[in-house]
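Notes follow once the structure below has been shown.
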Amino acid sequence: MADNIRNPILPGFNPDPSICRVGEDYYIATSTFEWYPGVQIHHSRDLANWQLVSRPLARATQLDMRGNPDSCGIWAPCLSYADGLFWLIYTDMKRYEGNFKDGHNYLVTAPSIEGPWSDPVYLNASGFDPSLFHDDDGRKWLVNLKWDYRQREGGDRFGGILLQEYDAERRRLVGPIHNIFAGTGMKLTEGPHLYRRDGWYHLLVAEGGTGYDHAVTMARSREIAGPYEVHPDNPVLTSRHDPDNPLQRAGHADLVEAPDGETFMVHLCGRPLPGTRRSPLGRETAIQRVEWGEDGWLRLAHGGNAPALEVAISGANTGVEQRRPAADETYEFKPGALPADFQWLRTPEPERLFSLDARPGYLRLFGRESVGSWFEQALVARRQDSWHCSAETELEYEPDDIQQFAGLIAYYNRFKFHYLAVSLNDAGDRVLSVMSCHDEWPSGQLDIAEAGVMLEAGLPVRLGLDIRERELQFRFAQGDADWQSIGPVLDAGLLSDEGSGRAHGYFTGNFLGMAAHDISGRATPADFAGFRYCRNAR
């Protein structure tokens with residue numbers, strides 16, 4: 001048994017956590033961006049061990065992201081519980097490049113975390129990171145940042161935190177809009193959450209951007225509309241002055257009170273590969289124990305403002321054992337639904353991309369648009385959540401054109417991927433080759449390794465990859481043959497938010513999975529017999 005929680009509690013791409021408690025049950029909602037279904041919700045009873053229990057935005061009336069660019073889609077959901085319902089607020093971001101942000105904010109509710117989740121109520125589009133606060137008097141208030149498309153001083157287009165009342169009976173925002181907080185000198189003020197304690201309204205925000213200057217700051221007021229005075233020791237949480245801390249990019253947080261009165265903060269973080277500023281696991285979720293001081297301000301319980309890798313717990317959770325994830329995950333494809341770890345991209349019509357019923361025991365992908373399409377791409381994958389990992393699958397596939405290809409893919413987005421694909425050569429032979437896009441933004445230039453491998457006719461092919469921190473190596477086998485490496489050793493660190501270090505930023509994480517593409521438009525099927533994911537393989 002142990003008395004510490006080791007961070008992160010949600011490894012792999014799980015950013016922008018929002019936490020709530022219902023009785024003895026804790027729930028965390030995280031962003032999913034362009035991956036479908038939208039929003040991940042994990043459950044725990046001890047704050048140390050978490051299980052995925054719901055992805056609530058699962059139909060077209062709630063979410064349709066076809067055409068959304070990379071790193072758009074679901075931004076920063078907020079999950080709360082009141083009046084016998086779960087309330088989920090989310091942004092569907094349609095554009096984030098340049099001066100404009102086209103993000104639409106919605107609300108759905110459900111009597112249970114498993115649903116059924118309602119059709120959405122449209123709220124506003126004035127800015128992203130919306131959050132719903134349930135006040136003690138029963139009134140409900142929406143807060144979100146205001147996006148200012150004009151060039152502000154220092155390039156900051158974050159125009160303050162807006163507050164407006166939500167009328168649950170009329171199902172719409174009502175009354176005046178208040179700009180309650182302009183932020184601090186750290187700028188880029190976003191991710192607002194409101195809390196009420198001891199007669200104060202406490203406002204928690206993220207500042208400094210979601211990179212290596214990210215931080216959590218706080219302010220408080222006696223009146224909900226302000227004025228708000230800033231925390232004397234801001235930032236409350238940051239890694240910006242602690243470059244050796246394994247938890248970097250700490251920020252975008254939320255608070256929860258345990259039944260025994262202890263308070264915890266969940267926040268996003270990133271774990272860069274040693275010696276780099278590359279985080280292929282994406283932005284993850286960590287937890288810190290916090291305390292309210294005699295002056296009424298919140299601070300980290302362990303002191304300072306840097307996140308702790310291990311967090312002491314006490315009270316009812318003392319002695320909890322934090323279980324490690326299984327070293328080997330073997331997935332079988334059965335009729336019905338995909339294994340819970342898997343998602344696809346953008347579309348609410350997955351039946352056009354894949355079937356688990358067409359050939360029982362197999363995942364059949366129907367080749368659709370090209371790799372990196374923002375509309376309809378047959379790619380089914382799971383998160384990479386370990387620096388050292390392997391993935392394997394077996395493929396049966398008979399292309400009849402060079403425009404058809406299918407295989408095993410390590411995919412960050414349309415500009416960053418490595419793909420081991422079966423296709424045809426000009427002579428009509430079935431060949432296996434490695435295709436990569438090495439963060440070639442904005443051209444999307446494709447690099448195809450010259451040395452392709454001829455495959456034996458009529459035999460399925462086993463495909464594998466091994467990731468060892470910065471390096472990725474593909475492998476293959478047919479029949480009873482041993483595994484053989486194929487292609488060069490590839491840059492695994494490139495499949496990260498930071499990528500090549502160019503100015504164009506992203507916010508997701510690397511996925512490993514199966515793909516089929518048919519740019520001839522004939523939807524040629526590819527059958528995959530299972531998938532295996534191994535963590536910490538060396």
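In full-length UniProt numbering, the protein residues as written are 1 to 538. Cβ atoms here follow ideal geometry from the backbone N, Cα and C, with glycine treated the same way.
- By how many angstroms is the C-alpha of P360 removed from the C-alpha of D328? 23 Å
- Pair every Cβ in the segment 291-304 with every Cβ in the segment 270-282, then say whether three or more of these pairs are closer than 8 Å. no
- Message: Buried or exposed for V489, going by 16 or more other Cβ atoms inside 10 Å?
- Response: exposed
- Message: Let me check understanding here. Comparing Cα to Cα, which of R522, D70, S18 and P37 lies closest to G505?
- Response: D70
- Message: Taking DSSP's pairing of strands, which residues face Q288 in a bridge?
- Response: M265
- Query: In whole angstroms, what separates the C-alpha of G501 from that of Y96?
  - Reply: 19 Å
- Under the DSSP definition of a beta bridge, which residues are partnered with L463? T393 and F476
- Apart from the five residues just before and just after H178, which ones in its own chain have a Cβ nearer than 6 Å to its Cβ? L163 and A225
- Message: Which same chain residues end up closer than 7 Å to D167 when comparing Cβ atoms and leaving out the 5 residues on each side of it in sequence?
- Response: V174
- Message: Can you give me the C-alpha to C-alpha distance between Y228 and W117, rounded to a whole angstrom?
- Response: 35 Å
- Among all the DSSP beta bridges, which residues are the ones paired with Q445? Paired residues: none, contrary to the question.
- Using beta-carbon positions only, say whether G458 and L432 come within less than 8 Å of one another. no
- Message: Quick check on the burial criterion: 16 or more other C-beta atoms within 10 angstroms. Buried or exposed for G513?
- Response: buried
- Query: Curious, which full-length beta strand (DSSP E) runs of at least 3 residues does the segment 99-129 contain?
  - Reply: 102-110 and 121-124
- Terminal residues of the beta strand (DSSP E) in which E329 lies: D328 to Y331
- Item | DSSP three-state assignment for R277, whether helix, strand or coil | coil
- Would you list, in sequence order, the uninterrupted beta strand (DSSP E) runs of no fewer than 3 residues that lie entirely inside the segment 189-225? 190-197, 200-207 and 215-221
- Message: Taking its Cβ as the centre, do 16 or more other Cβ atoms sit within 10 Å of A183, making it buried, or is it exposed?
- Response: Rather than Ala, the amino acid found at residue 183 in this sequence is Gly. G183 should be labelled buried.
- Between R368 and the rest of its own chain, which residues show a CB-CB distance below 8 Å, the 5 nearest in sequence each way excluded? R352, L353, E376, Q377, A378, A516, H517, D518 and A523
- Query: Do you know offhand how far A481's Cα is from D466's?
  - Reply: 18 Å
- Message: Let me make sure I understand the geometry here. Which of L237, D233, I180 and L247 has the alpha-carbon closest to that of E223?
- Response: I180
- Message: Which of the three DSSP states is assigned to R170 in this structure?
- Response: coil
- Excluding sequence positions up to five away, which residues of its chain have a Cβ less than 6 Å from the Cβ of M1? Note on M1: pLDDT 34, under 50, position unreliable in the model; the coordinate value appears next. Hits under 6 Å: G319 and E321.
- CB-CB under 8 Å to E469, same chain, minus the five flanking residues each way: which ones, in chain order? L273, P274, W387, H388, A492 and G493
- Reducing DSSP to helix, strand and coil, say where R382 ends up. strand
- Is it buried or exposed for Q445, if we count other Cβ within 10 angstroms and need 16 for buried? exposed
- Rounded separation between V121 and H193 - CA only: 20 Å
- For the beta strand (DSSP E) that contains P299, what are its first and last residues? What sits at residue 299 in the sequence shown is Arg, not Pro. Counting along the chain, the beta strand (DSSP E) containing R299 begins and ends at L298 to L300.
- Query: Less than 8 Å separating the beta-carbons of V380 and P399?
  - Reply: no
- Cα-Cα separation, A477 to D341: 26 Å
- Item | When V371, Y36 and N245 are compared against L420, the one with the closest alpha-carbon | V371
- Query: Looking at C-beta atoms only, is the number of pairs between the segment 71-79 and the segment 20-34 that lie closer than 8 Å three or more?
  - Reply: yes
- Cβ distance (whole Å) where Q384 is taken to contact G521 below 8 Å: Not confirmed; about 31 Å, so no contact.
- Option in R6, K140, Y412 and S485 with minimal Cα separation from R171: K140
- Query: What residue from N105, A60, F133 and D137 has the CA that sits closest to N124's CA?
  - Reply: N105
- CA-to-CA distance, L424 to residue 547, given in whole angstroms: Summary: the structure shown does not reach residue 547, with the chain confined to residues 1 through 538, and so no result is reported for it.
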